[in-house]
Each structure stands twice: as C-alpha cells, then as structure tokens.
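To convert, note that position 332 of the sequence shown is 332 in UniProt numbering; the numbers rise steadily by one, no gaps.
Every residue, glycine too, gets a C-beta built ideally from N, C-alpha and C.
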Amino acid sequence: MSNLNWMKRMAKRIVVASLLVSLVGTGFGAKEEAQAAERQPIKVVFVHGSKQMSLNGKTQQMATPLPVVKGVTMIPVRTIATSVGASVYNDSKGTHIDTYFNKVTLNNKMRGSVRNGSYVLLPTAAMQINGTMHVPLSAVKLLWNASYVFNAQLKQISITIQPEPNVAPVAKFNAPLQVKLGENIEYEDLSYDPDGKIIKTNWTGRKSTYFEPGVYSVTLSVYDNEGLGSETVSQDIYVSDEVMYTPYEYYMRYGNPGDKFVLDGKLMNTFKEVDTIESKSGRTLYMSNAPERFFGEGLLYEDTLADPSRLFLHHRNGSTERLKLAVVVTNKGTESVKLTVGNRGLAGPSVSALQFGSAAVSRYFAASQPREMIIEPGMSINLMPEMEKIIMNPDEGFSGLIDVDMDGELTFSTMALQEYTDAVSAVFTLPELEKVGNRGKFFDTDQYIEVNEKVGVTESKLRLGQRGPAMAGVDALTGGMTINGGEYGAVTTIKLKDVAYGTRIILNPRAGVFQGAVTVNGKVVSVPSGGHVKVGEGALLYTQLKPDGAAGQQKAPEVTIQYTSPGASSLPVLFVFLPASDFAN
C-alpha cells in the first residue's frame, strides 16, 4: 500500500469513539459522580445597607451596599456572573454575561435587553453605577432561571438561581499521521470544557517516539471538575521502517531525566577519567544488614551514637510468620538528650529488594520535616513508630535511611519482632541474631568529590566505588572489624564546577542491575524512571541546557549530584559526560 493511499485511509480513521465514557473506572469517587449527575442551586444573599453578602453560605465583601434608585433595588451584574460562572465582556452591542446555556446582553440606561437571542423588556433600565452594570432586582427572574425572597424584618434579599446542566468536556488533539523510527512526536492537546475546567487527562498509546515499525493507536479522553467524562477520540500513527534516530541517539536529544537506553559500555571504558579533589567526613554510619534475612524475633544490631549519624537498615523476612522491624533508642546516661530525626526514607514491604532499596533512597533524598524529641535518662522510645506498620509477610523485605542528630550519647537497637510485639518492652529481652553479612559502625563515610576541569568538551567519566581504602568499621556486638564493600548508607556529593552547555550526564552501572535515585541540583531523579538499568544500559540524569539571550552568554552553572548506593544494587557505577557536539545533527 502506498504512503498516499495509507494517508487517505488514516484520515478517515481519525474518528470520535461515539460512546460517552462512563464515570465508572475513571478514578472519580461517589462524591464526584453525584456532582456530575446533579448540580445544586446557587444561593446569593444580600442585606440592605450592608457591604456583606454571601454566596452559597460563604461571606464576601462588596465595594458598596446595594444601591437603591428611585425605590428600586439594583443588583450588580458581576455578582450574578460570578455565582453562575459566566464570562462578562463589553463590545459595541453592550455588556454580555454569558454561560454555555444562558447569554444575556444589556445596555446602559436602557430597558431593552437580549436573552438567548430574544428581546426582553426590563421593569426599569439597566445602568452603570460606580463603573459596574446593575439590573433591577425583579430582572433576575427574567434574565436568569432565578427566584428571590425579600425578608423585610431582616432587610434580607435571598436569590436562588437554578443550575444549568453540566456540559461534557470535549477531547481533541493533533498528532502527525506518519513518522520515522526514533522521530520525536509532538502532540497538541486541544481539549476544552465549555462550562468548567478540565482536571484529568487520560491518554492511551501515547509515546514520544517509536522504535518498531507498525500502526499505533493513540486515544484521549478528558474529565471536568465535576467528574463528567468526554467522548474518546483516537488517531492511528503509522511508523515507517526508516530510521531517524536509534534509542541512544533519540534520548540524548529529547530524553527526560530517568530515561534509559542501550549504550556501548566498552566504548565508555576508553573515556578519560576526570581529575578530582576528594575528601571524606560527614555522618557516622550505623549499618544494620546482618543477618539480612532473619528467621524470627531477635536483635539485629545495637550500637551507641553521639554525633550526627545515619542509619542504614536493609533486611528480609525469612520466616514463615508475619514480622516487622523497629528501632528503639535508649538513654543510658544521667542527663536528658535531645534527638532530631532529619531526612528519612522508609520502603517496604516488597519481595523485590531492588524495589524497596531504590524507594528508600528516593524518599530519603526527597527530604523530610525534622522531628525533635527529648529522651530522659533511663527512657527508651520507638524511633520511627511508622516502621511498625510495615508488616513483612514471608520473603518480603524493608529498607531504610534515617538521619539522626543528638546532643548526647544514645543507644540504638534494631530488632525483628512479631506483628503485635511491643518494641520498647522487648528491647532488653531479645536474643542476638547470628551475624550473616555486614553490620557495624563506620566513621567519616560521606564522600565529597570536586571536579574543577571543564566537562562536556570531550567524552569523560567519573567512576564511583572503592576510590580509596575499603570502608572499614567495628561491629559493636562482636567487637570485630567489618567491611562495607558496597558503601551502603554513605552519601557521595559530586560538585562539577564547570559544565559546558549541552553536556549530557548519564549513569551507567558496572556491576549488574541497578535501581535507585540521585539528586541533581537538589531534584530527585529516579534511575531509571521505570524498571532497572543493566550493565549495557544507561540512564539520562541531566542536560546542561543553554538559556536564551544574555543569560546564555554567561558561564554555565555548576552541577551538584548526590548519590548513595541503594540496597540490592552494587558499585561501581560510572557518571559519563558527553559533549553537545556528539548530537549536533
């Protein structure tokens, strides 16, 4: 079939799906469905001599009280317009107050008016008062589907306006009919709601590009602020077998942070390693990861902390029971200690260690409101009560990162408990579980790496993982040395002082599958945005975009990346810097 014939056939297939989308399954609840089915009357209440009015029970202030002209109470048109959601505008024909079903035209100092194309004679003339069009009170019955009651004792005017039917929104979009493999596709959403706002858009089949030839159907439906859905519109997009860009070439040009793609890992081995200035300091690391898989209640790890610290917890329920984790903090000293819980990320339960390991990192980097507590001498508290709600079924796991600051020495006890065991009561009675794996306390674990050379001029890379001596610590329960080979719980901050405009920064794992998160200039980027990245793949982290105008002539801004190894993913990883010239065409 020729492309011309196909295009003609495709034009006929851009059709409306003719069946109104049901509210069932749209994500709107019973409240929204009730609103969509029946709108409530609008109630406007004025009091003679007062600037106060109320709209559906909510008090508002007017600029002046209701004016009275020759014994006739005048009502401001804009107040009525606001109550019914009408637009107000002026042209050569007069002042217009329009909704979808009701269109009114008024003229200053004239009794004649127009409603939905029909002439309406008002009891007295409409008029501009203090720059605002007014109509006589009795006109609200003639111009809107309304009634009113006057309470002489209260000097109160109550106007009730019957609602108009809700008009369904209209879904509409433009997209190309034919594209090449790897061609960037732009969609133009032209949807609108005649009498409200669109608050939900539902696409199916929409992709920014395609890498397999064929015919792909894209549909769009929209929903308004009352839960009413549009008809579904659809269009087919024909993808030819002609290649514009490979996945790697496409995502380097049009990708978003977190997008993943296949790359040449061997080629990246040939890239130059950037020069760095490095130091270590930061928080003391408390690591509870042994036994990673536990088989019943017991003490997983316990140690004392007195400085700014970070807890890394990563465990799996290996028993046949439902179990939970808890961290109890005890003040064994003689003075009160203030404890502050800072950034924290808790994740689980899940059978996928990649999933709960990466989720904990994402939530940790997202930052948290600090919590402060005072721990009196001899007192024990549950550090994170919400952890006890994370009940692990057999083979499910949990991961957590928690920053803690204190002004005195405290003992932190990490425990595996049965579902209904009280953590504080159990802290001094549980047996120690056998160590299998790594746990302990590590000092000066956070790493700071500064890169002063200009990156993005040529291809280059920065490798994370054992950039110095192995991370060694002490297991407080055994007294022996322990090694944190994966550098779990340690945070690395990379400061790139000079990043050329157009530079692409990607992450490439070198030790198996990776699923985690980083921050780039304070923004959390999931790596990748869905699933995981393999050794022969990369994920886009950042593109140094050049701003327009004079700002683009200034030196490009610094880029700061924060990284920590998620549980179940391993070092090393490469941060790769690719110049704009690689993707000029």
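Task: Three-pair Cβ contact test at 8 Å for the region 328 to 343 versus the region 312 to 319 - done: Touching, no.
- [ ] With a cut-off of 8 Å on the beta carbons, I'd call M74 and I129 a contact; round off their distance for me.
- [x] Indeed they touch by this definition, with Cβ atoms about 6 Å apart.
Open item on the list: Taking the beta strand (DSSP E) that F312 belongs to, which residues open and close that run?
Closed with: Start and end: S309 to N317.
Open item on the list: Judging by CA-CA distance, which residue of D195, K93, A171 and F575 is the nearest neighbour of N202?
Closed with: For N202, the nearest C-alpha among the options comes from A171.
Open item on the list: Let's test the definition: count the other Cβ atoms within 10 Å of the Cβ of S281 and tell me whether it reaches 16, buried, or not, exposed.
Closed with: Answer is exposed; the Cβ neighbour count stays below 16.
- [ ] Name the residue from V404, M384 and M268 whose alpha carbon lies nearest to the alpha carbon of G536.
- [x] Ranking the options by Cα distance to G536, first place goes to M268.
- [ ] Report all residues from its chain with a CB closer than 8 Å to the CB of G512; omit the five preceding and five following residues, and keep chain order.
- [x] The answer, listed in chain order, is K534, V535, S569 and S570.
TODO: Please classify N269: does DSSP put it in a helix, a strand, or coil?
DONE: Three-state result, N269: helix.
Task: Secondary structure, beta strand (DSSP E): runs of 3+ residues fully inside the region 317 to 357 - done: Correct list: 323 to 330 and 337 to 350.
TODO: Could you round the C-beta distance between D307 and T334 to whole angstroms and report it? I think they count as a contact, below 8 Å.
DONE: That pair is no contact at about 19 Å.
TODO: Confirm, please, whether the CB-CB distance from M252 to F514 is below 7 Å.
DONE: Note that the C-beta distance between F514 and M252 is not below 7 Å.
Open item on the list: Alpha carbons only, please: which of V525, V455, G85 and A326 is nearest the one belonging to L386?
Closed with: According to the sequence displayed, residue 386 carries Glu and not Leu. Of the candidates V525, V455, G85 and A326, A326 places its Cα closest to the Cα of E386.
Open item on the list: For A426, which residues in the same chain have their Cβ closer than 7 Å to its Cβ, ignoring the five residues on either side in sequence?
Closed with: A distance below 7 Å between beta-carbons, with the five flanking residues on each side excluded, links A426 to the following residues of its chain, in chain order: M415 and L417.
Task: Check whether T219 and T204 have beta carbons under 7 Å apart - done: Contact annotation: T219 and T204 have beta-carbon atoms nearer than 7 Å.
- [ ] Note down the Cα distance separating S529 from K207, rounded to an integer number of angstroms.
- [x] Distance between the alpha carbons of S529 and K207 is about 15 Å.
TODO: Taking the CB atoms as reference points, tell me whether R439 and A290 lie closer together than 7 Å.
DONE: Result yes, Cβ atoms of R439 and A290 sit closer than 7 Å.
TODO: May I ask you to verify whether the region 398 to 410 touches the region 350 to 368, counting CB pairs closer than 8 Å and requiring at least 3?
DONE: Touching, yes.
- [ ] Specify the secondary structure class of A584 as computed by DSSP and reduced to three states.
- [x] A584: coil per DSSP, three-state reduction.
Task: Cβ-Cβ separation, S147 to residue 588 (assumed contact under 8 Å), whole Å - done: No answer is possible for residue 588: the residues shown for the chain start at 1 and end at 585.
Task: Minimum length 4: unbroken alpha helix (DSSP H) runs contained in the region 118 to 147 - done: Listed in chain order, they are 139 to 143.
- [ ] Please name the residue or residues paired with S293 in a DSSP beta bridge.
- [x] The displayed chain sequence assigns Arg, not Ser, to residue 293. Per DSSP, the beta-bridge partners of R293 are R316.
Open item on the list: Tell me the rounded alpha-carbon separation between F428 and G465.
Closed with: Answer to the nearest angstrom: the Cα atoms are 38 Å apart.
TODO: Can you grab the Cα-Cα spacing for the pair T543 / T503, in whole Å?
DONE: Cα-Cα distance, rounded: 6 Å.
Task: Contacting residues, own chain, Cβ-Cβ under 7 Å from residue 587 (five flanking each side not counted) - done: One cannot answer for residue 587 here, as it falls past the ends of the chain, which runs 1 to 585.
TODO: May I have the straight-line CA-CA distance separating E273 from T458, to the nearest angstrom?
DONE: So the two alpha carbons sit approximately 11 Å from each other.
Open item on the list: Taking only three categories from DSSP, how would you classify A568?
Closed with: Of the three classes helix, strand and coil, the one that applies to A568 here is coil, per DSSP.
TODO: From the DSSP output, in three-state form, read off K260 for me.
DONE: Strand, per DSSP.
Task: Pairwise C-alpha distance: V215 and L23 - done: Here L23 scores only 34 on pLDDT, less than 50, and its place in the model is too uncertain to base an answer on.
Open item on the list: Under DSSP, the beta strand (DSSP E) around P509 begins and ends at which residues?
Closed with: Per DSSP, the continuous beta strand (DSSP E) segment holding P509 begins and ends at R504 to P509.
Open item on the list: So, does the region 559 to 566 touch the region 486 to 498, judging by three or more C-beta pairs under 8 Å?
Closed with: Short answer: they touch.
- [ ] For the beta strand (DSSP E) holding V527, just list the boundary residues, first then last.
- [x] That run of the beta strand (DSSP E) goes K523 to V527.
Open item on the list: In this structure, how does DSSP classify F428 when only helix, strand and coil are distinguished?
Closed with: Correct three-state label for F428: coil.
TODO: Return helix, strand or coil for F365, following the three-state DSSP convention.
DONE: In this structure, F365 counts as helix in the three-state DSSP scheme.
TODO: Determine the direct distance from the alpha carbon of S309 to that of G456, and round the result to whole angstroms.
DONE: Cα to Cα, G456 sits roughly 36 Å from S309.
Open item on the list: I need the straight-line Cα distance from G27 to D275, nearest angstrom please.
Closed with: With a pLDDT of 41 at G27, under the threshold of 50, the modelled position of this residue cannot be trusted, and the question is left open.
TODO: Per DSSP, which residues does M406 bridge with? Please list them.
DONE: Paired residue(s): L339.
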